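Under the UniProt record's numbering, think of the first position of the sequence shown as 1, with each following residue one higher. C-beta atoms are modelled at their ideal positions from N, C-alpha and C, and glycine is treated no differently. Being a predicted model, the structure only gives us computed values, none of them experimental.
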Amino acid sequence: MNLTQHLAQFLNSGGHRIGQIEIRSNPANQEWMLCHVDDADKLTDPEMTALEIHRDPFAARDLSTFAADGSYRFTKGQTNLISGWIMILSTVAEIRQALDLFYPAAVGLWVAHAQGSIAVENLRDKLNRQTGMYRSARFISDAGAQELVTKICGPAHQCAKRILWQIDEDTPLNDSEASRFNGIPGKVAENAAIPLLCREACNHFVSECKKVSSAERKAASNTEA
Numbered sequence: 001m002n003l004t005q006h007l008a009q010f011l012n013s014g015g016h017r018i019g020q021i022e023i024r025s026n027p028a029n030q031e032w033m034l035c036h037v038d039d040a041d042k043l044t045d046p047e048m049t050a051l052e053i054h055r056d057p058f059a060a061r062d063l064s065t066f067a068a069d070g071s072y073r074f075t076k077g078q079t080n081l082i083s084g085w086i087m088i089l090s091t092v093a094e095i096r097q098a099l100d101l102f103y104p105a106a107v108g109l110w111v112a113h114a115q116g117s118i119a120v121e122n123l124r125d126k127l128n129r130q131t132g133m134y135r136s137a138r139f140i141s142d143a144g145a146q147e148l149v150t151k152i153c154g155p156a157h158q159c160a161k162r163i164l165w166q167i168d169e170d171t172p173l174n175d176s177e178a179s180r181f182n183g184i185p186g187k188v189a190e191n192a193a194i195p196l197l198c199r200e201a202c203n204h205f206v207s208e209c210k211k212v213s214s215a216e217r218k219a220a221s222n223t224e225a
């Protein structure tokens, strides 16, 4: 099956959630409705007067770029997706187009993970590939990296993704709320949701590794002095 067929199977079996997006079918019009989970109760309004209506799946690009306060969403996995809209689509293929903009590659990663074929890159491998201004990120200590996970990852820090990577092949992440999170925000059954998966540290995490690495080296230098 291709990704659209996998998505159709998920939806037809009762699946309805990915990240902060609720997906509902409208059998009367043979349409699909996507909205922010906080607006799901408004879907019963036949006129949809409380929601901004979109019928183009590519509207997802603009809807997912900025948070409600106007700040740029540096990763689409943040739990600050704006609400107040509904997307009415005709086919599962259009749903996939929209989801690929709301949560890039999420459907593909979900299928690959279920099939055991997802390619995960551990943190050390990621950092060792950095060049230029981010090259120094590779010098962060394991302890520093472990602490950083608890400070910027997981739903407590607006990240909705399940972390699949480790520090390195022999060093798993310490047990924490962030490392335990399953990639499904809110209270919804796992079989009813597509989890958001983090197969490698994001650019934001790499940037923070650089800062911690610099602070660690400065602290070590001061101690030696």
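Going by DSSP in three states, residue i sits in which element: helix, strand or coil?
| i | result |
| --- | --- |
| L89 | strand |
| Q115 | coil |
Tell me which residues share the same chain as residue i and place their Cβ nearer than 6 angstroms to its Cβ, disregarding the 5 neighbours each side in the sequence.
| i | result |
| --- | --- |
| A60 | A98, L101, F102 |
| A93 | T4 |
| F139 | S213 |
Keeping to the same chain, check which residues put their C-beta closer than 7 angstroms to that of residue i; ignore five residues upstream and five downstream.
| i | result |
| --- | --- |
| K42 | A50, L51 |
| L63 | I82, W85 |
| T75 | C202, H204 |
| M48 | I86 |
| K210 | Y134, S136, A137 |
| N174 | Q146 |
| Q104 | In the sequence as presented, Gln is not what sits at residue 104; that position holds Pro. Answer for P104: K76, listed in chain order. |
Report the option in the options whose CA atom is closest to the CA atom of residue i.
| i | options | result |
| --- | --- | --- |
| D168 | D56, D142, I21 | D142 |
| I21 | G183, S221, R135 | G183 |
| G15 | H54, W32, A28, N2 | W32 |
| I163 | G132, Q115, N222, R199 | R199 |
| L148 | L34, S71, A178, D39 | A178 |
| I88 | S71, N29, A220, H6 | N29 |
| G77 | S90, C153, E190 | C153 |
| V206 | L123, M1, E216 | L123 |
Which residues in the same chain have their Cβ closer than 8 angstroms to the Cβ of residue i, if we skip the five residues on either side of it in sequence?
| i | result |
| --- | --- |
| R17 | I23, V37, I184, G186, V188, A192, A193, I194 |
| L3 | R96, V107, G108, V111 |
| I118 | L109, A112, L164, L197, R199 |
| F66 | Y72, R73, I82 |
- Message: Suppose only complete runs of 4+ residues qualify. What are the alpha helix (DSSP H) ranges in the segment 127–206, listed by chain order?
- Response: Listed in chain order, the alpha helix (DSSP H) elements of length 4 or more contained wholly in the segment 127–206 are 142–152, 177–180.
- Message: List, from N- to C-terminal side, the beta strand (DSSP E) runs of 3 residues or more that fit wholly inside the segment 9–74.
- Response: DSSP runs (the beta strand (DSSP E)) wholly in the segment 9–74: 21–26, 31–36, 52–54.
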